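For the sequence shown, UniProt numbering assigns the number 1 to the initial residue and increments by one for each residue that follows.
Glycine included, C-beta positions come from ideal geometry on N, C-alpha and C.
Keep in mind that this is a model prediction, so the values were computed, not measured.
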Amino acid sequence: MDKVVRSAAEAVADIADNASLAVGGFGLCGIPSELIKALLDKGVTGLDVTSNNCGVDEWGLGLLLRERRIARMTSSYVGENKEFARQYLSGELEVELTPQGTLAERLRAGGTGIPAFFTRTGVGTQVADGGVPWKYDGDGGVAVASPPKEVREFDGLEYVMERAIVTDFALVRAWKGDRHGNLVFHASARNFNPLCAMAGRISIAEVEHLVEPGEIEPDEVHLPGIFVQRVVPLTPEQAADKRVERRTVRQKGA
Numbered sequence: 001m002d003k004v005v006r007s008a009a010e011a012v013a014d015i016a017d018n019a020s021l022a023v024g025g026f027g028l029c030g031i032p033s034e035l036i037k038a039l040l041d042k043g044v045t046g047l048d049v050t051s052n053n054c055g056v057d058e059w060g061l062g063l064l065l066r067e068r069r070i071a072r073m074t075s076s077y078v079g080e081n082k083e084f085a086r087q088y089l090s091g092e093l094e095v096e097l098t099p100q101g102t103l104a105e106r107l108r109a110g111g112t113g114i115p116a117f118f119t120r121t122g123v124g125t126q127v128a129d130g131g132v133p134w135k136y137d138g139d140g141g142v143a144v145a146s147p148p149k150e151v152r153e154f155d156g157l158e159y160v161m162e163r164a165i166v167t168d169f170a171l172v173r174a175w176k177g178d179r180h181g182n183l184v185f186h187a188s189a190r191n192f193n194p195l196c197a198m199a200g201r202i203s204i205a206e207v208e209h210l211v212e213p214g215e216i217e218p219d220e221v222h223l224p225g226i227f228v229q230r231v232v233p234l235t236p237e238q239a240a241d242k243r244v245e246r247r248t249v250r251q252k253g254a
């Protein structure tokens, strides 16, 4: 089945207000920037987004956040986005902070049909006991707090139960993909992208290099096409438009 669509705008055309999204990438590495911009242009709002982080103020998911298009975030790291912090602390944004490994496993579990799992991470903390502020009321009080989670003992150790994540759509970026949706990710861009694609009921991949079926060796496939419903080929200019999250350089002569 040929899953290629002509543009990012066409690929996201049926994403409606209040949809839930899983968005790949880590920092600014491997983020589906063209699909995010297409969503921004479409004007959807009230989005419930699961992603490792929320981009930066001027790139990635930060563009949607700046325009108040995101109502809720499930993330593990949000330290590079000042607007994110402002909206969260002022009560404009609901945020579920999740340990990074737990977030990855929640996405993977959602994609494999596992409804929940037990982990040691978070036992004895507010992650398990509840009370983590999800949303503030604007006056410094907590409007919504995390609920307590089931804790069970296995072999003398306590484990906390975490629910899987399944979203309406997933947006990911791949280095290479074929028309059947088989994807290959380059280096550290193979972070949350495969997991997010697995978790989405409809997964959309923007690919830097589109090839024909059979050109990717089976052993090279990082994510099989069964998890991908739409493929958007990028132009060379779009593929090259990548940002550095934080640039660190040496002083001359150091």
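Could you have a look at residue i and say whether DSSP puts it in helix, strand or coil?
i: PRO148; result: coil
i: PRO153; result: First, the residue type needs correcting, since residue 153 is Glu and not Pro in the sequence shown. Of the three classes helix, strand and coil, the one that applies to GLU153 here is strand, per DSSP.
i: PHE26; result: strand
i: LEU21; result: strand
i: PRO233; result: strand
i: GLU220; result: helix
i: ARG72; result: strand
Hey, residue i and residue j: beta-carbon distance below 8 Å or not?
i: GLU96; j: GLY27; result: no
i: SER75; j: SER51; result: yes
i: ALA145; j: GLY131; result: yes
i: ARG173; j: ASN191; result: no
i: ARG179; j: VAL231; result: yes
For residue i, which residues in the same chain have their Cβ closer than 7 Å to its Cβ, ignoring the five residues on either side in sequence?
i: PRO224; result: ASN182
i: LYS82; result: ASP57
Would you mind reading off the limits of the alpha helix (DSSP H) that contains residue i?
i: SER33; result: 33 to 42
i: GLU83; result: 82 to 89
i: VAL95; result: From DSSP, VAL95 is part of no alpha helix (DSSP H) but of the beta strand (DSSP E) over 94 to 97.
i: ALA164; result: Note, ALA164: premise wrong, no alpha helix (DSSP H); not H, not E.
i: residue 259; result: Past the edges of the chain, shown from 1 to 254, lies residue 259, and the structure says nothing about it.
Quick check: is the beta carbon of residue i nearer than 8 Å to any beta carbon in chain D?
i: VAL144; result: Structure shown: chain D not included; a single protein chain is present.
If you drop the 5 nearest sequence neighbours on each side, which residues of the same chain put their C-beta closer than 6 Å to that of residue i?
i: ASN18; result: GLY46
Which stretch, first to last residue, makes up the beta strand (DSSP E) that contains residue i?
i: VAL211; result: 200 to 211
i: GLY177; result: 167 to 178
i: THR119; result: 116 to 119
i: GLU10; result: Element bounds for GLU10: not the beta strand (DSSP E) but the alpha helix (DSSP H), 8 to 11.
Report the rounded CA-to-CA distance for residue i versus residue j, giving the unit in angstroms.
i: ASP41; j: ARG69; result: 11 Å
i: TRP175; j: GLU215; result: 14 Å
i: SER188; j: GLU217; result: 20 Å
i: ILE165; j: LEU107; result: 5 Å
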